[in-house]
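Chemist:
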Amino acid sequence: MKWSKNEILNLKKDVISFDEELTFPKTVFEKNHHLRDLKNVNVKGKIRYESISDLVTCDLVISGDMILPCAITNEDVVYPFETETTELFAFRKVDDHEDVHEAKGDVVELLPIIFQTIMMEVPLKVVKEGLKEYPKGEGWEVIKESDYQSRKKDEVDPRLAKLKEFKIDED
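So for the sequence shown, the numbering used here puts the first residue at -2; every next one is plus one.
(1) Starting from aspartate 151, trace the alpha helix (DSSP H) in both directions and tell me its first and last residue.
(2) May I have the straight-line CA-CA distance separating glycine 61 from tryptophan 0, to the nearest angstrom?
(3) Can you list, in chain order, the residues of its chain with a C-beta nearer than 8 Å to that of valine 25? Leave out the 5 residues immediately preceding and following it.
(4) Based on the DSSP secondary-structure assignment, which residues constitute the bridge partners of lysine 41?
(5) Does the pairing of the stretch 58 to 75 with the stretch 28 to 40 give three or more beta-carbon distances under 8 Å?
(6) Tell me which same chain residues have a C-beta within less than 8 Å of the C-beta of aspartate 11, skipping the five on either side of it?
(7) Suppose contacts are defined by Cβ-Cβ distances below 8 Å. Is threonine 114 in contact with threonine 82 by that definition?
(8) DSSP three-state label for methionine -2, please.
(9) Quick one: which unbroken alpha helix (DSSP H) runs of 4-plus residues sit fully inside the stretch 73 to 148? Chain order, please.
(10) Applying the criterion that 16 or more other CB atoms from any shown protein chain within 10 Å of the CB defines a buried residue, is leucine 6 buried or exposed?
(11) Below 6 Å CB to CB, which residues in the same chain sit around phenylalanine 86 once its five sequence neighbours on both sides are set aside?
(12) Would you identify the three-state DSSP class for lysine 28, choosing helix, strand or coil?
(13) Please look up how many angstroms separate the CB atoms of lysine 125 and cysteine 67, rounded, as I've assumed it's under 8 Å.
(14) So, are the CB atoms of threonine 70 and leucine 121 less than 8 Å apart?
(15) Going by DSSP, what residues sit across from isoleucine 69 in a beta bridge?
(16) Excluding the 5 residues preceding and the 5 following methionine 123 in the sequence, name in chain order all residues of the same chain whose CB lies nearer than 7 Å to its CB.
(17) What does the Cβ neighbour count give for leucine 160, buried or exposed, with the cut at 16 atoms within 10 Å?
(18) Could you tell me whether the Cβ atoms of glutamate 17 and valine 40 are closer together than 8 Å?
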């Protein structure tokens, strides 16, 4: 998903429209603990050059399925997503305070921007739908928050446990 400055400047209709399916290599996900894979990623968009501002505007609609780890069982969870973004590119040196991407070597490349946009959509945690049994092992178990609160309510603070033995004599 790259376009050179010449391709963009020589547009006949002033707009490049595209609708593409993307796949990402497995190496992208090796160091990422929050995102295991991306499936069915589709990118629709339009690119237009605005000669007045000397900027390339890219309107993108990105959709697909994220494969994420379940926060409780660590099993794969399919999480559908769809997001829209508008990105600006300049064929000149860009200041840090500008919200504009600098076209590297007079080429507008969307793939890194698309991946960055997807990464911003990754939720902090997901839980597998229909989870009935929580994992447990030797000496540990995962419990629901409500179960934890009810157990905690019944427990006596060990610092105050001796007070249960205290009885007032009414002589």
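Glycine included, each C-beta is placed from N, C-alpha and C at the ideal position.
Modeler: Working from what's here:
(1) For this step, residue 151 is matched to residue 154 along the sequence shown. Taken as a continuous stretch (DSSP letters only), the alpha helix (DSSP H) holding aspartate 151 covers 142 to 151.
(2) To locate residue 61, count along the sequence shown from 1; it is residue 64. To locate residue 0, count along the sequence shown from 1; it is residue 3. Rounded to the nearest whole angstrom, the C-alpha separation of glycine 61 and tryptophan 0 is 23 Å.
(3) Locating residue 25 in the sequence shown gives position 28, counting from the first residue. Here the set comprises Phe112.
(4) Counted from its first residue, the sequence shown places residue 41 at position 44. Its beta-bridge partners are Asp16, Val58.
(5) Note that the stretch 58 to 75 touches the stretch 28 to 40; at least 3 beta-carbon pairs, one per stretch, sit closer than 8 Å.
(6) As a position in the sequence shown, residue 11 is number 14, starting the count at 1. Only residues of its own chain outside the window of five on either side were considered, and among them Arg45, Tyr46 have a CB closer than 8 Å to the CB of aspartate 11, listed in chain order.
(7) As a first step, residue 114 must be located in the sequence shown, where it is residue number 117. As a first step, residue 82 must be located in the sequence shown, where it is residue number 85. In contact: threonine 114 and threonine 82 (Cβ atoms closer than 8 Å).
(8) Against the sequence shown, residue -2 aligns to sequence position 1. Here methionine -2 sits in coil by DSSP.
(9) The stretch 73 to 148 is shown to contain whole alpha helix (DSSP H) runs of 4 or more residues at 108 to 117, in chain order.
(10) As a first step, residue 6 must be located in the sequence shown, where it is residue number 9. Exposed.
(11) Walking along the sequence shown from the start, residue 86 turns up at place 89. Apart from sequence neighbours up to five positions away, the residues of its chain that approach phenylalanine 86 with a beta-carbon distance below 6 Å are Val53, His98, Ala100, Val105, ordered along the chain.
(12) Taking the sequence shown and counting its residues from 1, one reaches residue 28 at position 31. In the three-state scheme derived from DSSP, where H, G and I count as helix and E and B as strand, lysine 28 is classed as coil.
(13) As a position in the sequence shown, residue 125 is number 128, starting the count at 1. As a position in the sequence shown, residue 67 is number 70, starting the count at 1. Indeed, because the Cβ distance is near 4 Å, the residues count as touching under 8 Å.
(14) Within the sequence shown, numbered from 1, the residue matching residue 70 stands at position 73. Within the sequence shown, numbered from 1, the residue matching residue 121 stands at position 124. Taking 8 Å as the Cβ cut-off, threonine 70 and leucine 121 do not qualify as a contacting pair.
(15) Here the question's residue 69 lines up with position 72 in the sequence shown. BP columns for isoleucine 69 are empty, so no partner.
(16) Within the sequence shown, residue 123 is the residue found at index 126, counting from 1. According to the sequence shown, residue 123 is valine rather than methionine. Here valine 123 has Leu65, Cys67, Ala68, Val74, Tyr76 as same chain residues with Cβ atoms under 7 Å from its own Cβ, once five neighbours each way along the sequence are excluded.
(17) What you label residue 160 is simply residue 163 of the sequence shown in a count that begins at 1. With fewer than 16 other Cβ atoms from the protein chains shown falling within 10 Å of its own Cβ, leucine 160 counts as exposed.
(18) For the purposes of this step, residue 17 is taken as residue 20 along the sequence shown, with counting starting at 1. For the purposes of this step, residue 40 is taken as residue 43 along the sequence shown, with counting starting at 1. Contact flag set, yes.
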